[in-house]
Amino acid sequence: MKEKSLKILVLGSGGREHALCWKIAQSPLLDKLYCAPGNGGIESVADCVTLDIESPDAVLHFAKEKAIDLVVIGPEGPLVSGLADTLIAENIATFGPVAAAAQLEGSKGFTKDICAAYDIPTAAYGRFKSAADAHAYLDTHSAPIVVKADGLAAGKGVIIAETDAQARAAVDDIFDGAFGEAGAELVIEEFMTGEEASFFVLTDGTHALPLATAQDHKRVGEGDTGLNTGGMGAYSPAKIVTPTLLEETMTRIIQPTLTAMADKGTPYRGVLYAGLMLTEDGPKLLEYNARFGDPECQVLMLRLKSDLVPALLATAQGDISSLDLEWYDEDAMTVVMAAQGYPGSYPKGSQINNLHAAVADTDTQIFHAGTKTENGKTLAVGGRVLNVTSKGQDLRAARDKAYTALEKIDWQEGFYRRDIGWRALGKS
Ligand code: AMP
Ligand code: GLY
């Protein structure tokens, strides 16, 4: 491939997309990088364009007009609604699965049925279209138990019921429309215990290349307490995923899933993200996502030594058999700075200062999520707002660099967890 030959369009506006754009922008193969809609940080590495990324026609029109060589779809919404199908039909190389394959994220029941048919370890479950049937199941399955809206619910559709009454209330709420269309069906599953890990592979539908491991922190409060969020911080590698567990995850979870998707005639191409519960009986699948994790992507990009662009292209073009990726040996950590009030409601428009001064070394990057730039000022306009991301010779060093940077950021309306990495650091 020739240097400076590719025009690339990244879709999304979060910290994940800033990290992807930051990495893509370093590729010698890149001619021009666009991001839609982008954010206040992405505009420093890409040309941000206003585009309705939920509209396949709008994206297709832009891609044709600018002669885009590769579209990278960041979030799940456009994947599940079929953006990749539209682009691929017009011969535009697209990183991200077609809608039928993105069902692995778009329908929890779909994934559970694949697990049952291909003997993939996961929590025992039932799948229901009516409240009466779900309640009948609860007559014989008691709490703790987990009730999940079937469809996309922005991470909010999972209720861990500690009592039978909570489980029944969750069933009624979902069927009463608490999550809209996403709750037309639900899954009830066994409550599993263990430590969670995020596991990513690049796949062309046949071959799967594991990426670095990571662990997210989903709860808003320190010590993993409080409400679930999109993720408050992550680190990589997650050493709890030993080489043996990695091998077991590949053979018992990932490969049978890819076989299942190929058997259905809808092979999965893109990054496949398995949320794992590492139980006493081995790794079990919690859920699949059809995209990179956010904030896990931020630590992966900081640790990736190889050029990302050939990997994205090979995946999009359907052959990763000769792909190999190199990673820095260092550990990386990202800490999310969120607006006070998140994951509930929060005010928008407060000003963030001192961002440039906070980045004291080349091992630290601040990836923006909910920010915009106005008259040269950085304003907070989202729930998760910044991802302060550092690498270091070990996890402690990465953590120290990230928290040193965080302390320098002047944003009174923000907050962050001070204990990212606590499980791993407690073991070292
Ligand atoms: P999901 O979106 O399905 O990954 O669920 C969100 C979070 O809920 C997971 O990261 C877990 O912390 C928790 N969770 C989901 N399913 C289960 C389960 N069967 N047992 C225990 N915790 C679960
Ligand atoms: N960090 C969790 C997710 O991306 O779903």
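Using the numbering used here, read the sequence shown as starting at 10 and increasing by one per residue. Ideal Cβ placement from N, Cα and C applies to all residues, glycine included.
Would you grab the beta carbon distance between residue i and residue j for me? Rounded to a whole angstrom, and I think it's under 8 Å.
{"i": "Leu-267", "j": "Thr-215", "result": "7 Å"}
{"i": "Thr-222", "j": "Pro-246", "result": "5 Å"}
{"i": "Arg-426", "j": "Val-308", "result": "With 8 Å as the limit, Arg-426 and Val-308 do not qualify as a contact, their Cβ atoms being about 15 Å apart."}
{"i": "Asp-5", "j": "Gly-401", "result": "This structure gives no information on residue 5, because the portion of the chain shown stretches from 10 to 437."}
{"i": "Tyr-277", "j": "Pro-106", "result": "5 Å"}
{"i": "Leu-42", "j": "Ile-77", "result": "So it is not a contact: roughly 10 Å between Cβ atoms."}
{"i": "Ile-173", "j": "Leu-195", "result": "Going by the sequence as given, residue 173 is Asp instead of Ile. About 16 Å; that fails the 8 Å criterion."}
{"i": "Ala-389", "j": "Thr-380", "result": "6 Å"}
{"i": "Leu-313", "j": "Lys-32", "result": "6 Å"}
{"i": "Val-89", "j": "Leu-161", "result": "6 Å"}
{"i": "Ala-143", "j": "Val-180", "result": "4 Å"}
{"i": "Ala-433", "j": "Leu-415", "result": "With 8 Å as the limit, Ala-433 and Leu-415 do not qualify as a contact, their Cβ atoms being about 19 Å apart."}
Is residue i near ligand 3 - that is, is its Cβ less than 6 Å away from at least one heavy atom of it?
{"i": "Glu-171", "result": "You won't find ligand 3 in this model; what it holds is ligand 1 and ligand 2."}
Let me know the secondary structure DSSP gives residue i once reduced to three states.
{"i": "Ala-193", "result": "coil"}
{"i": "Leu-88", "result": "helix"}
{"i": "Arg-426", "result": "coil"}
{"i": "Glu-205", "result": "strand"}
{"i": "Pro-252", "result": "helix"}
{"i": "Gln-360", "result": "strand"}
{"i": "Pro-65", "result": "helix"}
{"i": "Phe-277", "result": "Looking at the sequence itself, residue 277 is Tyr, so the reference to Phe does not match. Of the three classes helix, strand and coil, the one that applies to Tyr-277 here is coil, per DSSP."}
{"i": "Leu-113", "result": "helix"}
{"i": "Leu-220", "result": "coil"}
{"i": "Val-54", "result": "coil"}
{"i": "Asp-403", "result": "coil"}
{"i": "Lys-410", "result": "helix"}
{"i": "Ala-176", "result": "helix"}
{"i": "Lys-227", "result": "coil"}
{"i": "Lys-157", "result": "strand"}
{"i": "Phe-71", "result": "helix"}
{"i": "Gly-21", "result": "strand"}
{"i": "Met-259", "result": "helix"}
{"i": "Met-286", "result": "strand"}
{"i": "Thr-149", "result": "helix"}
{"i": "Tyr-200", "result": "The sequence given here places Phe at residue 200; Tyr does not occur at that position. In the structure shown, Phe-200 sits in coil (DSSP, three-state: anything other than H, G, I, E or B)."}
{"i": "Glu-12", "result": "coil"}
{"i": "Ile-82", "result": "strand"}
{"i": "Lys-381", "result": "strand"}
{"i": "Gly-232", "result": "coil"}
{"i": "Ala-108", "result": "helix"}
Out of the options, state which residue places its alpha-carbon closest to the alpha-carbon of residue i.
{"i": "Glu-199", "options": "Asp-303, Gly-118, Pro-153", "result": "Pro-153"}
{"i": "Ala-55", "options": "Ala-407, His-377, Val-390", "result": "His-377"}
{"i": "Ala-325", "options": "Ala-341, Val-250, Val-155, Gly-279", "result": "Gly-279"}
{"i": "Glu-296", "options": "Trp-336, Trp-420, Ala-132, Gly-230", "result": "Ala-132"}
{"i": "Ala-283", "options": "Ala-109, Val-210, Trp-336", "result": "Val-210"}
{"i": "Asp-370", "options": "Thr-380, Thr-398, Leu-236, Asn-362", "result": "Thr-398"}
{"i": "Asn-396", "options": "Ser-90, Ala-411, Lys-386, Leu-404", "result": "Ala-411"}
{"i": "Asp-182", "options": "Pro-252, Val-318, Val-156, Asp-403", "result": "Val-156"}
{"i": "Lys-73", "options": "Gly-83, Ala-98, Ala-191", "result": "Ala-98"}
{"i": "Asp-333", "options": "Ser-315, Gly-358, Ala-178, Gln-349", "result": "Ser-315"}
{"i": "Leu-113", "options": "Gly-186, Gly-392, Thr-275", "result": "Thr-275"}
{"i": "Pro-46", "options": "Ser-36, Ile-82, Leu-15", "result": "Ile-82"}
{"i": "Gly-239", "options": "Val-229, Asp-233, Ile-51", "result": "Val-229"}
{"i": "Ala-347", "options": "Lys-273, Ile-101, Met-310, Gly-423", "result": "Gly-423"}
{"i": "Thr-10", "options": "Thr-149, Gly-186, Pro-319, Gly-232", "result": "Correcting the residue type first, residue 10 is Met in the shown sequence and not Thr. Of Thr-149, Gly-186, Pro-319, Gly-232, the residue nearest in Cα terms is Pro-319."}
{"i": "Gly-24", "options": "Leu-38, Gly-115, Leu-311, Asp-94", "result": "Leu-311"}
{"i": "Ile-418", "options": "Asn-363, Leu-79, Asp-272, Pro-37", "result": "Asn-363"}
For residue i, which residues of its own chain have a beta-carbon under 8 Å away from its beta-carbon, when the five flanking residues on both sides are left out?
{"i": "Tyr-127", "result": "Pro-265, Thr-266, Thr-268, Ala-269"}
{"i": "Leu-285", "result": "Glu-205, Ala-206, Ser-207, Phe-208, Val-250, Thr-258, Ile-262, Pro-292, Lys-293, Leu-294, Leu-295"}
{"i": "Ala-243", "result": "Ser-207, Ala-223, Gln-224, Asp-225, His-226, Gly-302, Pro-304, Glu-305, Gln-307, Val-308, Met-342, Thr-343, Ile-429"}
{"i": "Gly-385", "result": "none"}
Spatial neighbours of residue i within its chain, please: CB distance less than 7 Å, with the 5 preceding and 5 following residues excluded, ordered by chain position.
{"i": "Glu-257", "result": "Gly-291, Pro-292"}
{"i": "Ser-151", "result": "Asp-173"}
Ordered along the chain, which non-local residues of its own chain (more than five positions away) have a Cβ less than 6 Å from that of residue i?
{"i": "Lys-13", "result": "Asp-40"}
{"i": "Thr-288", "result": "Met-201, Gly-203"}
{"i": "Ala-67", "result": "Leu-60, Asp-61"}
{"i": "Gly-192", "result": "Ala-158, Ile-183"}
{"i": "Arg-408", "result": "Met-342, Gly-430"}
{"i": "Ala-110", "result": "Met-270, Thr-275, Tyr-277"}
{"i": "Tyr-351", "result": "Gly-392"}
Does the beta carbon of residue i sit closer than 7 Å to a beta carbon anywhere in chain C?
{"i": "Gly-350", "result": "Absent here is chain C; the protein component of the structure consists of one chain."}
Practice item. May I have a chain-ordered list of the beta strand (DSSP E) segments no shorter than 3 residues that lie completely inside the region 290–377? Key: 291–298, 340–348, 373–377
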